[in-house]
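Trainee: Before I ask anything, here is the structure I am working with.
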Amino acid sequence: MDPSTQTDAEDRLWSLILAASRLVRTGDLDPGIATGFSFSDGPDASLRPVPEGRDGADIQWRPGEGWNLTETPTQDPMRSLAELYLPLCTPVTEGCTAVAHLGQSIDSCVATANGDSCYVTGDENLRHLHRMRALSDAVLVGTETAACDNPRLTTRLVAGDNAIRIVLDRCRRLPPDLGVFTDGAAETWLVCDESRLGDSGTVPKRGRLIGVPTRDDRLDLAALIQRLAELGIRRLFIEGGGVAVSAFVAENLVDRLQVAIAPLLIGGGRLGLSPPASDLLRNAICPCSRLYRMGKDVLYDMDMRRPRDGRSDRPPTGLQRIA
Numbered sequence: 001m002d003p004s005t006q007t008d009a010e011d012r013l014w015s016l017i018l019a020a021s022r023l024v025r026t027g028d029l030d031p032g033i034a035t036g037f038s039f040s041d042g043p044d045a046s047l048r049p050v051p052e053g054r055d056g057a058d059i060q061w062r063p064g065e066g067w068n069l070t071e072t073p074t075q076d077p078m079r080s081l082a083e084l085y086l087p088l089c090t091p092v093t094e095g096c097t098a099v100a101h102l103g104q105s106i107d108s109c110v111a112t113a114n115g116d117s118c119y120v121t122g123d124e125n126l127r128h129l130h131r132m133r134a135l136s137d138a139v140l141v142g143t144e145t146a147a148c149d150n151p152r153l154t155t156r157l158v159a160g161d162n163a164i165r166i167v168l169d170r171c172r173r174l175p176p177d178l179g180v181f182t183d184g185a186a187e188t189w190l191v192c193d194e195s196r197l198g199d200s201g202t203v204p205k206r207g208r209l210i211g212v213p214t215r216d217d218r219l220d221l222a223a224l225i226q227r228l229a230e231l232g233i234r235r236l237f238i239e240g241g242g243v244a245v246s247a248f249v250a251e252n253l254v255d256r257l258q259v260a261i262a263p264l265l266i267g268g269g270r271l272g273l274s275p276p277a278s279d280l281l282r283n284a285i286c287p288c289s290r291l292y293r294m295g296k297d298v299l300y301d302m303d304m305r306r307p308r309d310g311r312s313d314r315p316p317t318g319l320q321r322i323a
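In structure tokens form, the structure reads like this:
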């Protein structure tokens, strides 16, 4: 396929995925009824129901199965684009579903010892982060990531709306001039110890303060997830850093975990994913996973609610080059 034609096809598929996500998040999809939809591309890309018995559907919703493209792509990147993102466009009827992501080096570092982290992974993974933000109601980062990286947490690299930005700051010590607090590009919710709501400190220009209880001098993350669900957040994207993602994993609050590995050796840097220790290998967390190449990086996409049983999801045997 000609590169420009491939790019156009990829952009169109991404617009279709966004339209499916929008249909679900606005409550306009009845998840109990099988429905076919035609896709209208353009600035106001949307899905329109196709009357039962008629042709013309580009995508179908099937209860118990999810979204299915009428013509399934057989080659990458289209096949992987649909496989990776369409499952994230299913309705969440209660609670809050959390997807976490970390980009780290081969030696499990997310930054150098002095905090330099821009960027451990490459352009393709960065584009993936922006797509994940576009499919989420909110994107969350921890205190250290906000302070060191000053991220914008927008969707500037892809089509799609900005998500609500959530920043953890238990003691309200982050400086007020961080971009997420001042740029007005999207709402920013600052999460702190509920006992500090009345303290002086940073208040987002556009957003709110949220107080949650603490346990052992740490924010109660389970209480935070519950509070976010009460505020209408159904899809949460936990983007970093290593401390925050590891804390959510330790509390068993992550439904899907994505770890991008870059062909990079940092040495003595800040550690990325650090889950609870297992005493025996058979007790280690072993989720079902899929593997995607993103430029020079490799993304592990893991279903934390579906442990691998040794029989299903078995990879091919023998030596095989993937990149």
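Numbering (full-length UniProt numbering), first residue to last: 1 to 323. In this text, a Cβ means the ideal position worked out from N, Cα and C, and glycines have one as well.
Check the DSSP bridge columns for Trp-14 and list the partner residues they point to.
Mentor: BP columns for Trp-14 are empty, so no partner.
Trainee: May I have the straight-line CA-CA distance separating Gly-207 from Ile-164, to the nearest angstrom?
Mentor: Approximately 9 Å, taken between the alpha carbons.
Trainee: Would you mind reading off the limits of the beta strand (DSSP E) that contains Ser-80?
Mentor: Unbroken run through Ser-80 is the alpha helix (DSSP H), 78 to 85; no beta strand (DSSP E).
Trainee: In chain order, what are the residue ranges of uninterrupted beta strand (DSSP E) at least 3 long that sit wholly in the stretch 166 to 224?
Mentor: 188 to 193, 207 to 212
Trainee: Give the range of the beta strand (DSSP E) segment to which Asn-68 is assigned.
Mentor: 66 to 69
Trainee: From this set, Leu-291, Cys-109, Thr-97, which residue's C-alpha is nearest Ala-138's C-alpha?
Mentor: Thr-97
Trainee: Between which two residues does the beta strand (DSSP E) holding Ser-105 run?
Mentor: Membership of Ser-105 in the beta strand (DSSP E) is indicated by the continuous run 97 to 105.
Trainee: Among the residues of its own chain, which have a CB less than 6 Å from the CB of Gly-241, if the five just before and after it don't count?
Mentor: Val-110, Gly-142, Glu-144, Thr-145
Trainee: Would you give the residue range spanned by the alpha helix (DSSP H) that Gly-242 belongs to?
Mentor: 242 to 250
Trainee: Roughly how many angstroms lie between the CA atoms of Gly-272 and Arg-235, to the nearest whole one?
Mentor: 23 Å
Trainee: Within the continuous alpha helix (DSSP H) that includes residue 383, where are the two ends?
Mentor: Only positions 1 to 323 of the chain appear in the structure, and residue 383 is not among them; the question remains open.
Trainee: Report, in whole angstroms, the separation of the C-beta atoms of Leu-102 and Ile-59, which I expect to be a contact under 8 Å.
Mentor: At roughly 31 Å, the Cβ-Cβ gap does not stay under 8 Å, so Leu-102 and Ile-59 are not in contact.
Trainee: Below 8 Å on the Cβ atoms is my contact criterion, and I expect Gly-56 with Ser-38 to pass it. Report the Cβ-Cβ distance as a whole number of Å.
Mentor: 5 Å
Trainee: Just confirm the distance between the C-beta atoms of Val-180 and Ile-210, as a whole number of angstroms; I'd bet it's less than 8 Å.
Mentor: Wrong, their Cβ atoms sit about 14 Å apart, outside the cutoff.
Trainee: In terms of DSSP beta bridges, what is Gly-36 paired with?
Mentor: Val-50, Gln-60
Trainee: Quick check on DSSP: helix, strand or coil for Cys-109?
Mentor: strand
Trainee: Taking only beta-carbon positions, decide if Leu-291 is within less than 8 Å of chain C.
Mentor: Protein chains in the displayed structure number just one, and chain C is not present.
Trainee: Would DSSP call Ser-289 helix, strand or coil?
Mentor: DSSP places Ser-289 in the strand class (E or B) of the three-state scheme.
Trainee: What whole-angstrom Cβ distance do Arg-131 and Tyr-85 have, given they're in contact under 8 Å?
Mentor: 7 Å
Trainee: Please state whether DSSP places Asp-8 in a helix, a strand or coil.
Mentor: helix
Trainee: Rounded to a whole number of angstroms, what is the C-alpha to C-alpha distance between Ala-9 and Gly-64?
Mentor: 28 Å
Trainee: Whole angstroms is fine: what's the gap from Arg-311's alpha carbon to Cys-171's?
Mentor: A caution first: Arg-311 carries a pLDDT of 48, below 50, which makes its placement in the model unreliable, though a value can still be read off. Near 47 Å, if we compare the C-alpha coordinates of Cys-171 and Arg-311.
Trainee: Taking the CB atoms as reference points, tell me whether Gly-295 and Glu-83 lie closer together than 8 Å.
Mentor: no
Trainee: Do Val-50 and Pro-91 count as a contact pair if the criterion is CB distance below 8 Å?
Mentor: no
Trainee: Candidates Leu-319, Val-259, Val-254, Arg-321: which alpha carbon is nearest Arg-306's?
Mentor: Val-254
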